[in-house]
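Engineer: Before anything else, here's the structure in question.
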Amino acid sequence: MVKIGDIELGGFPLLLAPMEDVSDPPFRALCKEQGADVVYTEFVSSEGLIRNAAKSVMKLDIYEKERPVGIQIFGANMDSMLQTIDIVEKSNPDIIDINFGCPVKKVVSKGAGAGILKDICLMEKLTAEMVKRTNLPVTVKTRLGWDHDSIKIVEVAERLQDVGIKSIAIHGRTRAQMYKGDADWKPIAAVKNNPRMHIPVFGNGDVNTPERAAEMRDRYGLDGAMIGRASIGNPWFFKQVKHYFKTGERLAPISLAERVEAARRHLQMSIDWKGEKLGVFETRRHYTNYFKGIPNFKEYRMKMVTSDDSKDVFAAFDEVLKKFSGYEFNAI
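In this text, residue positions in the sequence shown follow this note's numbering: the first is 4, and each later residue adds one.
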């Protein structure tokens, strides 16, 4: 039984990674329905929260059907991060997660996200104070290191565990790699195999097929997988992995009707939560994957991603259902 604090997650849980402009409440709800064991919010700026910035505050919205749910925060200023803990607690999440892995320049340049990998002592001190500030389980998501020459993830993970975090998720790339090249899971396995480690160690990066998830579990011995890009426009990925674990076979392909229905629900939930303009705009990134593989689809995709009126997008869904009703997808 894998546990984050007192939260029981079963064997080899699947976690939805925090992704900016992706893991919002509508998408989290869809992933939860399809088997995600833990979902995380988009990462929230500590500086934005303490200044009551509307976009940051909105990211604190969580719903009972999502639980267990973690709110992820990022920052490098001690006072700001501690104030953020107090603000985040009011949303009553199950977990508070610290982002020590975001590689984006505007985050890193402020010493936050993966930028803090240049100062492990600050990383440890910041984490220790945040753990003291709350009774909620605190977890960390990070990368292997700043670059290939500074990978000290076994030491880092042990130090963070020793100041009280309840789990660690590690992306198998350095900050210097960004998202290029292949993720290296061997250093993550080294963290798990450290005899002093007793908290769950989750792997992240390139878990893009059920077989890869099984490899992370069986070959590398990790406690669970954090799923990011493979879930975009494919909330069924969690169900596909669990089916493979149970049967050793791939789940039958998701039908066109199921995909259209999910896209419809996703758009409607986004509009209900964000309003028409933002709801339509921020759901666009998912459509390519929802309908990936359909030949001669460009005309319909363009309607979905260029229209500012939800009525036109919903109409495009209807057209796709009629036009491609006989199309069969390949299993993922």
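Each residue gets a CB set at the ideal place from its N, CA and C atoms; glycine is no exception.
Taking a contact to mean a Cβ-Cβ separation below 9 Å, would you say Val41 touches Leu63 in this structure?
Structural biologist: no
Engineer: Given that a residue counts as buried once 16 or more other Cβ atoms are within 10 Å of its Cβ, and exposed if not, what is Gly51?
Structural biologist: Classification of Gly51: buried, given that the 10 Å Cβ count is 16 or more.
Engineer: Look at Asn207 and Met229 and say whether their C-beta atoms are less than 9 Å apart.
Structural biologist: yes
Engineer: Look at the Cβ atom of Tyr290, then the Cβ atom of Met307, and state whether they are nearer than 9 Å.
Structural biologist: yes
Engineer: Could you give the first and the last residue of the continuous alpha helix (DSSP H) run that contains Lys249?
Structural biologist: 240-250
Engineer: Using alpha carbons as the reference points, say which of Val110, Ala160, Gln86 lies closest to Ile171.
Structural biologist: Ala160
Engineer: Would you kindly report the start and end of the unbroken alpha helix (DSSP H) that includes Ala172?
Structural biologist: Run containing Ala172: none in the alpha helix (DSSP H); it sits in the beta strand (DSSP E), 171-174.
Engineer: Within its chain, find whatever has a CB closer than 8 Å to the CB of Arg267; leave out the 5 residues flanking it on each side and keep chain order.
Structural biologist: The answer, listed in chain order, is Phe317, Phe320.
Engineer: Report the rounded CA-to-CA distance for Thr250 versus Ser26, giving the unit in angstroms.
Structural biologist: 29 Å
Engineer: Taking Val204 as the reference, give the member of Tyr43, Gly38, Val157 with the closest Cα.
Structural biologist: Val157
Engineer: Could you compute how far the alpha carbon of Asp165 sits from the alpha carbon of Leu324?
Structural biologist: 54 Å
Engineer: Should His246 and Leu33 be called a contact, given that it needs their Cβ atoms to be closer than 9 Å?
Structural biologist: no
Engineer: If we require 3 or more residues per run, which beta strand (DSSP E) segments fall completely within the stretch 149-228?
Structural biologist: 171-174, 204-207
Engineer: By alpha-carbon positions, which one of Ser313, Phe294, Lys314, Asp311 ends up nearest to Lys326?
Structural biologist: Phe294
Engineer: Residues in its own chain within less than 8 Å of Met133 by CB, not counting five upstream and five downstream?
Structural biologist: Met84, Leu85, Ile88, Ile99, Ile101, Val141
Engineer: Mind checking His201: buried by the 16 CB within 10 Å criterion, or exposed?
Structural biologist: exposed
Engineer: Rank Asn138, Leu129, Gly118, Lys128 by C-alpha distance to the C-alpha of Ser153 and give the top, closest one.
Structural biologist: Nearest of Asn138, Leu129, Gly118, Lys128 to Ser153, Cα basis: Gly118.
Engineer: Report, in whole angstroms, the separation of the C-beta atoms of Leu225 and Ala192, which I expect to be a contact under 8 Å.
Structural biologist: 7 Å
Engineer: Hey, how far is the Cα of Ile76 from the Cα of Arg178?
Structural biologist: 18 Å
Engineer: Reducing DSSP to helix, strand and coil, say where Ile53 ends up.
Structural biologist: Assigned with DSSP and collapsed to three states, Ile53 falls in helix.
Engineer: Whole-angstrom Cβ separation of Tyr330 and Leu259, contact assumed at under 8 Å?
Structural biologist: 6 Å
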